[in-house]
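A.B. asks: Protein chains in written order, with the working numbering: chain W, 1 to 339; chain R, 1001 to 1339. Ideal Cβ positions, reconstructed from N, Cα and C, are used throughout, including at glycine. Nothing here was measured: the structure is a model prediction, and the numbers come from that model. Can you read through this structure? Questions will come right after.
Protein chains: 2
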Amino acid sequence: MKPKITLKKIAKQFEVSISTVSKALKDSHEIGTELKIKIKKFAAEHHYKPNSLAVRLQNQQTKTIGVVIPNIVHHFFSTVIQGIEEVTNQRGYNVMICLSNESFDKEVLNVEMLAHGSVDGMIVSLAKETQKKNDYNHFNDLLEDDFPLVMFDRINDKFACDKVIIDDVSGSINATNHLIEIGCKKIALITTPKHITVGTLRRRGYVKAIQDHGQEVDIDLIVEVDERESIKKQIEELFDTETFDGIFAVNEVYAITAMNIAREKGFKVPEDISVIGFTDGPLSKLALPPLTTVVQHGYSMGKKTAELLLNRIESKEEFKPQKVVLSTNLKIRKSTKSL
Amino acid sequence: MKPKITLKKIAKQFEVSISTVSKALKDSHEIGTELKIKIKKFAAEHHYKPNSLAVRLQNQQTKTIGVVIPNIVHHFFSTVIQGIEEVTNQRGYNVMICLSNESFDKEVLNVEMLAHGSVDGMIVSLAKETQKKNDYNHFNDLLEDDFPLVMFDRINDKFACDKVIIDDVSGSINATNHLIEIGCKKIALITTPKHITVGTLRRRGYVKAIQDHGQEVDIDLIVEVDERESIKKQIEELFDTETFDGIFAVNEVYAITAMNIAREKGFKVPEDISVIGFTDGPLSKLALPPLTTVVQHGYSMGKKTAELLLNRIESKEEFKPQKVVLSTNLKIRKSTKSL
DNA sequence: TTTTTTCACGAAAACGTTTGAGTAGATTTT
DNA sequence: AAAATCTACTCAAACGTTTTCGTGAAAAAA
Chain W
1 MKPKITLKKI AKQFEVSIST VSKALKDSHE IGTELKIKIK KFAAEHHYKP
51 NSLAVRLQNQ QTKTIGVVIP NIVHHFFSTV IQGIEEVTNQ RGYNVMICLS
101 NESFDKEVLN VEMLAHGSVD GMIVSLAKET QKKNDYNHFN DLLEDDFPLV
151 MFDRINDKFA CDKVIIDDVS GSINATNHLI EIGCKKIALI TTPKHITVGT
201 LRRRGYVKAI QDHGQEVDID LIVEVDERES IKKQIEELFD TETFDGIFAV
251 NEVYAITAMN IAREKGFKVP EDISVIGFTD GPLSKLALPP LTTVVQHGYS
301 MGKKTAELLL NRIESKEEFK PQKVVLSTNL KIRKSTKSL
Chain R
1001 MKPKITLKKI AKQFEVSIST VSKALKDSHE IGTELKIKIK KFAAEHHYKP
1051 NSLAVRLQNQ QTKTIGVVIP NIVHHFFSTV IQGIEEVTNQ RGYNVMICLS
1101 NESFDKEVLN VEMLAHGSVD GMIVSLAKET QKKNDYNHFN DLLEDDFPLV
1151 MFDRINDKFA CDKVIIDDVS GSINATNHLI EIGCKKIALI TTPKHITVGT
1201 LRRRGYVKAI QDHGQEVDID LIVEVDERES IKKQIEELFD TETFDGIFAV
1251 NEVYAITAMN IAREKGFKVP EDISVIGFTD GPLSKLALPP LTTVVQHGYS
1301 MGKKTAELLL NRIESKEEFK PQKVVLSTNL KIRKSTKSL
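The following block contains the structure:
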C-alpha cells in the first residue's frame, strides 16, 4: 500500500506548520483564503484522510462498540446484530463482532480483548459452555471499573449491568394456552437441557400453563434434547413411547423436525397433532405446513440493547442498571388447528 | 465508567518515570526486581490495560479489518463471516462488520468510513443496488492508493483487487446435468433478474448444460423473480402456464417455494418433478422432502477471502491481484429422483 | 588506583492529530 | 502618533504508548 499522507507531509509541501494545515482543512477563519484553497486541493488530490487512531486518541473514545455472541450463523442472533448495527451506525459508532462459538475459552478471550481498550462498550450474549460452567470471572474487572456492558438473551441475573431479554415464560404460557384452547389434551414439550437459561424459562411457562388449567405435568412428555447427539433420534423416541396431540418446541428446528417425524409416522399436522415453535425464522414460514410460532423480536432486541449501551456510554449521570423485558407474540400459521 | 489508569498515573504513584513503568510491566531486565514487583502489583490491582489506540498509533496498524456485506440475516453471508472471523482472529486481527442492506448509499458510506483509516484492509461483497447502478466510484481512491481490498461472491471484474468467487457456472452445469441424467425432459429455471451477477452466471450454466445435450433452451421455462413482488405468485404463474418435470432454482427459497407450490398443485416431488436448489442452508436439510442442492462452501470462502487479505496486508512484495474460484459440489437428497 | 562494566533508571522523540495561546506585521481607530 | 484591532500564521502541549539513547552510581576487572 502507498504510504499514507499526513498533515506533516502536507505541511512540508507548503512550508507551513502542521497546525496551519489542520486548520486549513477544517476551513478555519484563521487561515488565508488562498492558502486554504491550495492546501485543500493538494489534500484532496492525495486522498488525505485524518488518521482515525490519532483522532480517537485525542478524543479519548474509539467510537466503536464490541459484540460477543455465541454464533452468527443463526437467524435470531444475526437479526439482533442487524438491530444493533442499525442503531449504532445511526449514532456514529462502529461495531466489532466477536464470535465465541459457544466456547467458554473463546468468550473469555474475546471479552478480555475488547476490554483492553479497543471499544467504548460491550454487548454480550453468553456462550452455552459459560452458562453450563457457571464461571463469570472474566466480567469481574469490567464490572468493578463500571465498564459499559449490556447483556441480552443469554444473560446472568447476578450481574449489575443492563440486560435485555424476552419474556420467555409469558411467551411459553401463551403458546401452551393456545394449544389447550384449540383442544389439545396431551401436550409434549421438546426443550433443551436445564443449563440453557432460555430452555428452562420456556419449560417453566409450559408447566405453569398446564397447571393453571388444573392438569398435571407428565414428565414423560418432556424431551430434553442433547445437541451432541442426533436431534431426530431423540424426538423419534418420544413418538415411539408416548401419544399426544400437541407439541410445544422451544425452537424452530425441534419443531420442524418433530413435524417431519409426525408425517413419517403417519400423523397429520395439524389434524392429529398441533405444533408450535419458538423463535420465528425463515424455516417456519417455508415449512409445510407453515409453523405457528412464538415470535421473538430479534431486531427490536438488538435495537434496544444498543440504545441502552450508547446511552450508558454517553451519559454522565450515575449508573442504575436496568432490565428490559421484551414481550413476544404468537404468530398463528397452519401447524395448529383453528378453533 | 471509572477513569482509566495510565502509565503516567502509575509513574506518579511511585515517583518514577513513565518509561520505567512501561519497562517494568514488560518485565524488562533494565528495571530492578523490587520495583518491578511493586509496579506490577499496583497495575494489576487497578486493572491496568495498555490503551490500544496509543499502541496501535505507535505500531501504525489497527490490527482490524473491515467487512462490508449486503445482509447478515442470511445463511450464506453469515457463514462467510464465520470463516473470516476464524482466520482473522487466529492471526490476531479483529473484524469490524458493516451492513449495506443492499443499499448503494450505505455501501458508499461504509466503504468511506472504513477507508478513513480505521482498518488495515477491507473485504466487500457488493450490494444489489450497486450492481444494478453499476457505479463503483467509491472504490477509486482505495484502488489508487493500493489499499488492501478483497471482494467475494458479489464482485466486479474490472477491479484490480483480489477476488474470491464460487464457480457458479460449473455448479449450475452440474445441477442441470444431474436433472437431465435422471431423465428430466423439460427443466424450468427459477432465477433472479439479470443485474444480479450470480443469477446471470447460474443461468449461463443452465443454458450451457441444456445446449450441450443438444436441446433448445425454452425461454418460457425461465422465470426471473422480482423480489419486490410476491415470490410465490411469480412461481405459481410458471406452474399455470407450463409443464415440466425438473426445476433448477438459484437459491433455497425459490426451490422450496416451488416444491411447496408443486405439492399444492398435486404434483409429487420427486416422482413428478425433481427439484434442485443452489446454496445449501438449514432450509434444505429440513425441507420435505430434503432438498438436493449445489453446496456453496461459505465457510471456506470466508477463510480464503480473509487469508488473501491478511497476506496482502502483511506482505511487502509487489501486489499481483488474483482471482480464486471455489468449486461447488452437488448434495443429493430426496427432492430428485434417483437413477 | 584507574578503567571498564553492570545496574537501574530517566529524557526525549515518535506515532498523527487537535486546539488554546502567542506573535509578528499590517491596518484601523482615536 | 499612539493605541487598539485584525490577519495569518506558528508554538507547544496533550492524548498514551514504545523505544533508543543517555547517565550517574556502584561494582568488577585491570
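#1: Is the beta carbon of residue 1293(R) closer than 8 Å to that of residue 1305(R)?
#2: Jot down the residue ranges of each uninterrupted alpha helix (DSSP H) in the segment 1283-1326 of chain R, minimum 4 residues, whole runs only, in chain order.
#3: What is the DSSP secondary structure of residue 114(W), counted as helix, strand or coil?
#4: With which residues is residue 246(W) paired in a DSSP beta bridge?
#5: Just the chain R side, please: which residues come within less than 7 Å of residue 1(W) by C-beta, in chain order?
#6: Using a C-beta cutoff of 8 Å, does residue 111(W) count as contacting chain R?
#7: According to DSSP, residue 1162(R) sits in a beta bridge with which residue or residues?
#8: Note down the Cα distance separating residue 1259(R) from residue 1229(R), rounded to an integer number of angstroms.
#9: Give, in chain order, every residue of the segment 18-51 of chain W whose Cβ lies closer than 8 Å to some Cβ of chain R.
#10: Report the neighbours of residue 1057(R) on chain W: residues whose CB is nearer than 7 Å to its CB, in chain order.
#11: Count the C-beta pairs between the segment 285-304 of chain W and the segment 318-336 of chain W that are closer than 8 Å, then say yes if the count reaches three, no if not.
#12: Name the one or two DSSP bridge partners that residue 122(W) has.
#13: Along chain W, which residues have their Cβ under 9 Å away from the Cβ of residue 1115(R)?
#14: Can you find the residues in the same chain that come closer than 6 Å, C-beta to C-beta, to residue 1189(R), ignoring five residues on each side of it along the sequence?
#15: Could you tell me the alpha carbon to alpha carbon distance between residue 1334(R) and residue 1284(R), rounded to whole angstroms?
#16: Pick out whichever of 1032(R), 1244(R), 1133(R) and 1040(R) has its Cα sitting closest to the Cα of residue 981(R).
#17: Give me the Cβ distance between residue 1150(R) and residue 1123(R), rounded to the nearest whole Å; I'm assuming they're in contact under 8 Å.
#18: Could you list which residues in chain R have their beta carbon closer than 8 Å to that of residue 75(W), in chain order?
#19: Locate the beta strand (DSSP E) running through residue 330(W), then write down its first and last residues.
#20: Is it buried or exposed for residue 997(R), if we count other Cβ within 10 angstroms and need 16 for buried?
#21: Using only CA atoms, which one of 93(W), 108(W) and 163(W) lies nearest to residue 322(W)?
#22: Can you tell me which of 1140(R), 1255(R) and 1177(R) puts its alpha carbon nearest to the alpha carbon of residue 1236(R)?
#23: Under 8 Å, do residue 1065(R) and residue 1095(R) count as touching if we go by C-beta distance?
#24: Short of 8 Å in beta carbon distance, which residues of its chain neighbour residue 1271(R), apart from the five on each side in sequence? Order them along the chain.
#25: Contact defined as beta carbons within less than 8 Å: I believe residue 1246(R) pairs with residue 1161(R). What is the distance between those atoms, to the nearest angstrom?
#26: Using C-beta distances below 8 Å, list every residue in its chain close to residue 136(W), excluding the 5 sequence neighbours before and after it, in chain order.
#27: Return the residue from the list 187(W), 231(W) and 200(W) that minimises the CA-CA distance to residue 217(W).
#28: Which of the three DSSP states is assigned to residue 1224(R) in this structure?
#29: Find the residues of chain W that neighbour residue 1270(R), judging by a C-beta separation of less than 7 Å, and give them in chain order.
#30: Please check the pair residue 139(W) and residue 119(W), which I expect to be a contact at CB under 8 Å, by giving their CB distance rounded to whole angstroms.
#31: Since residue 1053(R) is in the alpha helix (DSSP H), which residue starts that stretch and which ends it?
#32: Sort 92(W), 9(W) and 274(W) by Cα distance to residue 339(W) and report the nearest one.
#33: Under 7 Å Cβ to Cβ from residue 108(W), same chain only, skipping five residues before and after it: list those, please.
C.D. replies: Concretely, from the data shown:
#1: no
#2: 1298-1314
#3: In the structure shown, residue 114(W) sits in a helix (DSSP, three-state: H, G or I).
#4: 187(W) and 274(W)
#5: 1145, 1146, 1147 and 1148, listed in chain order.
#6: no
#7: 1150(R)
#8: One C-alpha to the other measures close to 19 Å.
#9: Under the 8 Å Cβ criterion, the segment 18-51 of chain W contributes 47, 49, 50 and 51.
#10: 53, 54 and 57
#11: They touch, by the three-pair rule.
#12: 66(W) and 149(W)
#13: 47 and 49
#14: 1206, 1222 and 1248
#15: 10 Å
#16: The structure shown does not extend to residue 981(R), since chain R is modelled only from 1001 to 1339, so the question has no answer here.
#17: 5 Å
#18: Around residue 75(W), the beta-carbon contacts reaching into chain R at under 8 Å are 1073.
#19: Here the beta strand (DSSP E) through residue 330(W) covers 329-331.
#20: Outside the displayed span of chain R (1001 to 1339) sits residue 997(R), for which this structure offers no information.
#21: 163(W)
#22: 1255(R)
#23: One thing to note: residue 1065(R) has its Cβ within 8 Å of the Cβ of residue 1095(R).
#24: 1337
#25: Going by Cβ atoms, the distance from residue 1246(R) to residue 1161(R) rounds to 38 Å, so no, they are not a contact pair.
#26: 130, 156, 158 and 159
#27: 187(W)
#28: DSSP places residue 1224(R) in the strand class (E or B) of the three-state scheme.
#29: Chain order gives no chain W residues near residue 1270(R), where near means a beta carbon separation below 7 Å; the closest approach is about 15 Å.
#30: Between residue 139(W) and residue 119(W) the beta-carbon gap is near 15 Å, outside 8 Å, which marks them as no contact.
#31: 1052-1059
#32: 274(W)
#33: Closer than 7 Å at the Cβ level, and outside the excluded window around residue 108(W), lie 138.
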